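FYI, in this note's numbering the residues of the sequence shown are 1229 to 1310. The beta carbon of each residue, even a glycine, is placed where N, CA and C say it ideally should be. Note that the coordinates shown come from a computational prediction; the quantities given were computed from them, not determined experimentally.
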Amino acid sequence: NRNLKSYMMAIIGAEYVLNLLPKGTHEHDKFIKPAEMEQWTRHANLALDDLTGMHYNPLTMVYSLGSNVDVNYFAHARPLQD
């Protein structure tokens, strides 16, 4: 997602504070908002069936899935039926 929270967590937090990823891995201006994903899939004649958020806890080193798409998310789309 492209917002202040994703910038702080994915770039500042993951790249510069925790050193989980090489610096420069992310380009915030290339992050995609869920609304943009929905619009693009619709224009490509696809149905966006699901957006699932992904969260990483650096204290437990565990990834979890949920409904929060503020930072990271997975998308599932399928062709629309005629």
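Beta-ladder partner(s) of residue i, from DSSP
i, result
"Asp-1278", "His-1304"
"Asn-1285", "Val-1290"
Reference residue i; option with closest CA among the options
i, options, result
"Asn-1231", "Lys-1261, His-1254, Ala-1275", "Lys-1261"
"Leu-1308", "Met-1265, His-1271, Leu-1248, Ile-1239", "His-1271"
"Lys-1258", "Ala-1305, Val-1299, Gly-1241", "Val-1299"
Whether residue i touches residue j by CB criterion (7 Å)
i, j, result
"Pro-1280", "Phe-1302", "Before going further, note that residue 1280 is Thr rather than Pro in the sequence given. Cβ atoms of Thr-1280 and Phe-1302: closer than 7 Å."
"Glu-1243", "Lys-1233", "no"
"Met-1282", "Leu-1274", "no"
"Leu-1276", "Glu-1266", "yes"
Delimiting residues of the alpha helix (DSSP H) encompassing residue i
i, result
"Arg-1270", "1262 to 1271"
Residue i - DSSP class collapsed to helix/strand/coil
i, result
"Val-1245", "helix"
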